[in-house]
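Student:
Chains as they are written, first to last, in our numbering: chain L, 186 to 656; chain R, 28 to 537.
1) Report the residues of the region 74-102 of chain R with a CB closer than 8 angstroms to any CB of chain L, ordered along the chain.
2) Got a sec: is the Cβ-Cβ distance from residue 233(L) to anything in chain R below 8 angstroms?
3) Residue 23(R) lies in the beta strand (DSSP E); which residues open and close that run?
4) Would you call the region 67-81 of chain R and the region 107-121 of chain R touching, i.e. three or more CB-CB distances under 8 angstroms?
5) Distance check for residue 382(L) and residue 592(L), CA to CA, integer angstroms please.
6) Quick one: which chain R residues come within Cβ less than 8 angstroms of residue 367(L)?
7) Within this structure, are the beta carbons of residue 644(L) and residue 36(R) separated by less than 8 angstroms?
8) Answer with buried or exposed for residue 389(R), where buried requires no fewer than 16 other C-beta atoms within 10 angstroms of its C-beta.
9) Tell me the DSSP secondary structure of residue 441(R) in three-state form.
10) Pick from 359(R), 304(R), 362(R) and 324(R): whose alpha carbon is nearest that of residue 339(R)?
11) Assign residue 170(R) to one of three DSSP states: helix, strand, or coil.
12) Strictly below 7 angstroms CB to CB, what residues from chain L border residue 191(R)?
13) What is the rounded straight-line gap between the Cα of residue 451(L) and the Cα of residue 243(L)?
14) Taking 8 angstroms as the threshold (beta carbon to beta carbon), is residue 495(R) in contact with chain L?
15) Can you pull the chain L neighbours of residue 104(R), defined as C-beta to C-beta under 9 angstroms?
16) Are there three or more Cβ pairs, one per stretch, closer than 8 angstroms when the region 343-356 of chain L is compared with the region 300-319 of chain L?
17) Going by other Cβ atoms of all chains shown within 10 Å of its Cβ, with 16 needed for buried, is residue 423(L) buried or exposed?
18) Give the single residue among 642(L), 646(L), 641(L) and 635(L) whose Cα lies nearest to the Cα of residue 373(L).
19) At a Cβ threshold of 8 angstroms, is residue 40(R) touching chain L?
20) Which residues, in order along the region 44-57 of chain R, keep a beta-carbon less than 7 angstroms from a beta-carbon of chain L?
21) Determine, for residue 284(L), whether the minimum Cβ-Cβ distance to residues of chain R falls below 8 angstroms.
22) So, is the C-beta of residue 590(L) closer than 8 angstroms to a C-beta in chain R?
23) Would you list, in sequence order, the uninterrupted alpha helix (DSSP H) runs of no fewer than 4 residues that lie entirely inside the region 579-624 of chain L?
24) Are residue 339(L) and residue 217(L) closer than 8 angstroms when you measure CB to CB?
25) Just the C-alpha distance for residue 463(R) and residue 404(R), rounded to the nearest angstrom, thanks.
26) Give me the residue from 315(R), 509(R), 349(R) and 385(R) with the minimum Cα distance to residue 324(R).
27) Verify the CB distance criterion: does residue 116(R) have a CB-CB separation below 8 angstroms to chain L?
28) Can you find a C-beta in chain L that's less than 8 angstroms from the C-beta of residue 188(R)?
29) Please compile the residues from chain R whose C-beta is within a distance smaller than 7 angstroms of the C-beta of residue 633(L).
30) Establish whether the CB of residue 194(L) and some CB of chain R are separated by less than 8 angstroms.
31) Quick one: does residue 276(R) have its CB under 8 angstroms from some CB of chain L?
32) DSSP three-state call for residue 480(L): helix, strand or coil?
33) Name, please, each residue of chain R whose Cβ falls closer than 7 angstroms to the Cβ of residue 629(L).
34) Using a cut-off of 9 angstroms between C-beta atoms, extract the partners of residue 374(L) located in chain R.
35) Return no unless some Cβ of chain R is closer than 8 angstroms to the Cβ of residue 370(L).
36) Give me the residue from 515(R), 133(R) and 148(R) with the minimum Cα distance to residue 414(R).
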């Protein structure tokens, strides 16, 4: 079940919001309702794998209590095993077995071929790990109430595609949910805004990207290859940030505050800045639970660069068990190292428009090609097409021509404006304020339009899962 | 003020969430619409509780199918898109030149990746017409061409876009159609192409031809077969109204189409239709009254209606099989509406069997000795029995000049038979030796006849599978595969005989 799916919008969500509203005044009842709804939501998405989530939830709650009571770090080690073992099995076993098979000639991979990846496992495992580490570090107390903890870990708006929420940042909202009319109205606006981003822009440009990548680099002109790469860059941003908007909006309606996950990443002038603005909850998780424990910036220069490579290798692998994801992570890591090596820190912060358009924008777009390709070979072929002049660079293969209708191209151009919009220019400010701020007539009109257009498209389109569900 | 507006915003959001299911609860599901997909059944609760993903999917689809709000939303979106841009692209319907809609699956029928099916289907069509000629079967197959083949200029390049091979395959099919025996096959395309400049042959927003084009097709049918008398004067022009099927499929709001027609009352009967069975799809269905007027007493059966599945053709004096071009090749193949396993196929096999009964079996030649066997052992009494998997025979047919050749194989078994037990005859096979041990037998896909075991006569357990071979088979090598041969089955002689013998007996009618 995805947020833009009619069954969620018109069957699950009305029931869920009524139930949450009814239970709003009693925190434990409120958390019970959220937990029940979240488990129902996950069951609908993943069937029996809900028991994995329940197991993870119970184990993390009990282990944190044990860590706090005994102070024994072995409980934390057990916590790592309990969290990472299912992740390793469900997400990486097939990939690892395939690599072993390739080297040794064994045939282990077929044994894992039927393993189905539970949706959102990377997200709830990371939340569980951060909770255990925070308790072990003494940064937070272990949660005595399993209902509050369950509601936090399994909270359906962010369960399957984030943002990754730290327990210490969120738990007070579960203990004392802050419901108000203004907050709920803001949540509705934010949800509608995200739905519009997903359905109007991400889903509309997706066929262009799909057609280009399905055609493959060997049959694409230079123009078509860039068109596909650009379309995918737009799709993934509006898809994922749209999902985050919807999650934040739903959480607000439920009386829970979620952190922002995006801050106009395509307006970044450097890759360093990009990673401060893209999937913020994941970047900060890796910073706090991997980069800093490895030594962070305090180690020697070589060690810092090595740490960066480790973090980006892991970031790539987090996104999927494939060499193309690893390559994408390392690609970003190497650019970050390059920026540190070549650009002084004060100039890095002040990098402007030229850097944004001539450097950060193309580097990011090429990176998405590596990310999107089904294999490393396919990625190399596609990137080759982007930089190989062709006799007719604007020629489009039939499959792409079918997808690139005037309407999809118009939406692609609209989406592309996120690359070119001045950071603090009027449109950017207006867009930000269309959702945030007090309820006024302008925001009411925007909400109405967003709901009308989203409803029109949601009810008339086929199933379209969010891209980040598979991670 | 802010609180009121916040309340209003929440109200709007709530209305958005509850409206579709609220309308369903209050008013119930909308009625099915013409050409619309049947509503998905609700899955059993037990399947949902058993965590079955298919049940969850079925629930979601069933809910969507019942949302009147959804249907009206689709109507609104498509009508707005079509009115504002004149361009639309949906799952099955796509726009061409301004004002024209096309049925997408018609493009996919000539998809580049389906060249194998194209070849098989064309071979099967050719074989059917040859068998009809050889076995004196009163069969006519009629092809209703794709809209994009006739209204080519109106397709706006969509055919090329959705299938790069569309026009190449269409031209190939058309050339092959032209070579088929015109007494048994009619392609309506040439006639329609002649008319295309003069009058509308296809309706802009409908898959089908106009009623006038249908009338022209009926004229073709009667002219090319023995059913026609002579061309009467043109009937009185008329116009009818119809709901556009393509517009209806995408729920466009619009006025009914004006369909150029002829007044049925002004049509002169051209022949007696008693004994004529026309099995057709939606193309002949466009003007059934005109066909009835031309052929009084004709029996029409729509392949898409339930009566087709129980059709009895034993009394038919003529059988006409009409099909839309996009479906014709798959319909004649084995499991299609007109394939060997269908009622039509069985009628053909019965007719072939009857034709073979009049062959000169007294002058027959046994080809068993010269046949090459695979997984078949020769018994002392001259019969053959399976001794391995996939038994098959390769037989070289003699040249019999000036006469048709009949083929008969005899098979006896006490075991009950089931539909999968067939002898499949590849009428054009040749052996290619790649290596001393590896024999590869090439054959032409589609030029196959499937004879079901169980045609037992005289209360015996012996099958006699017989028919008159098409003239093209003379001198050829054929391959016979025996599928699911019962363990006790014994294969008797493989015989050929002249149809009429030394003395010409062409006037004899089996």
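Each residue gets a CB set at the ideal place from its N, CA and C atoms; glycine is no exception.
Tutor: Concretely, from the data shown:
1) 78, 79, 80, 83, 86, 87, 90, 91, 94, 96, 97, 100 and 101
2) Reading the first chain from its first residue, position 48 is the one you call residue 233(L). Yes, residue 233(L) counts as interfacial toward chain R.
3) Any answer about residue 23(R) is impossible in this case: the structure gives chain R only from 28 up to 537.
4) no
5) In the first chain, the residue the question calls residue 592(L) occupies position 407. In the first chain, the residue the question calls residue 382(L) occupies position 197. Approximately 16 angstroms, taken between the alpha carbons.
6) Taking the first residue of the first chain as position 1, residue 367(L) is located at position 182. What residue 367(L) touches in chain R: 29, 30 and 33.
7) The residue given as residue 644(L) occupies position 459 in the first chain. The residue given as residue 36(R) occupies position 9 in the second chain. The answer is no: Cβ separation not under 8 angstroms.
8) In the second chain, the residue the question calls residue 389(R) occupies position 362. Exposed: under 16 other Cβ atoms inside 10 Å.
9) Against the second chain, residue 441(R) aligns to sequence position 414. Looking at residue 441(R) - three-state DSSP - the assignment turns out to be coil, as it is neither helix nor strand.
10) Residue mapping note: residue 339(R) aligns to position 312 of the second chain, counting from 1. Out of 359(R), 304(R), 362(R) and 324(R), 304(R) has the C-alpha closest to the C-alpha of residue 339(R).
11) Numbered from 1 along the second chain, position 143 holds the residue referred to as residue 170(R). Note: residue 170(R) maps to strand in three-state DSSP.
12) Here residue 191(R) refers to the residue found at position 164 of the second chain. Those are 583, listed as they occur along chain L.
13) Translated into positions along the first chain, residue 451(L) becomes position 266. Translated into positions along the first chain, residue 243(L) becomes position 58. Straight-line Cα distance between these residues: approximately 39 angstroms.
14) As a position in the second chain, residue 495(R) is number 468, starting the count at 1. No, residue 495(R) does not count as interfacial toward chain L.
15) One-based indexing of the second chain puts residue 104(R) at position 77. Those within 9 angstroms of residue 104(R) in chain L are 641, 642, 644 and 645.
16) yes
17) Taking the first chain and counting its residues from 1, the one referred to as residue 423(L) is at position 238. Looking at its Cβ environment, which holds 16 or more other Cβ atoms inside 10 Å, residue 423(L) is buried.
18) The count along the first chain starts at 1 and reaches residue 373(L) at position 188. Out of 642(L), 646(L), 641(L) and 635(L), 635(L) has the C-alpha closest to the C-alpha of residue 373(L).
19) Here the question's residue 40(R) lines up with position 13 in the second chain. Cβ-Cβ to chain L under 8 angstroms: yes for residue 40(R).
20) 44, 45, 47 and 48
21) What you label residue 284(L) is simply residue 99 of the first chain in a count that begins at 1. No - not a single Cβ of chain R is within 8 angstroms of the one on residue 284(L).
22) To locate residue 590(L), count along the first chain from 1; it is residue 405. Output row for residue 590(L): interface = yes.
23) 583-588, 591-605 and 611-620
24) Position 154 of the first chain holds residue 339(L). Position 32 of the first chain holds residue 217(L). In this structure, residue 217(L) does not lie closer than 8 angstroms to residue 339(L) by Cβ.
25) Here the question's residue 463(R) lines up with position 436 in the second chain. Here the question's residue 404(R) lines up with position 377 in the second chain. The predicted model places residue 463(R) with a pLDDT of 49, which falls under 50 and marks its position as unreliable, so this point remains unresolved.
26) In the second chain, residue 324(R) corresponds to position 297, counting from 1. Cα-wise, what sits closest to residue 324(R) is 315(R).
27) For this step, residue 116(R) is matched to residue 89 along the second chain. Yes, residue 116(R) lies at the interface with chain L (some Cβ there is under 8 angstroms from its Cβ).
28) Sequence index remark: in the second chain, residue 188(R) carries index 161 (1-based). Taking Cβ atoms only, chain L reaches closer than 8 angstroms to residue 188(R), which makes this a yes.
29) Position 448 of the first chain, counting from 1, holds the residue named residue 633(L). Here the neighbours are 39.
30) Taking the first chain and counting its residues from 1, the one referred to as residue 194(L) is at position 9. Output row for residue 194(L): interface = yes.
31) Taking the second chain and counting its residues from 1, the one referred to as residue 276(R) is at position 249. No - not a single Cβ of chain L is within 8 angstroms of the one on residue 276(R).
32) As a working mapping, residue 480(L) is identified with position 295 in the first chain. It is coil, neither helix nor strand.
33) As a position in the first chain, residue 629(L) is number 444, starting the count at 1. The answer, in chain order, is 32, 35 and 36.
34) As a working mapping, residue 374(L) is identified with position 189 in the first chain. Simply 36 and 40.
35) For this step, residue 370(L) is matched to residue 185 along the first chain. So yes, residue 370(L) belongs to the interface.
36) Here the question's residue 414(R) lines up with position 387 in the second chain. Here the closest residue by C-alpha is 515(R).
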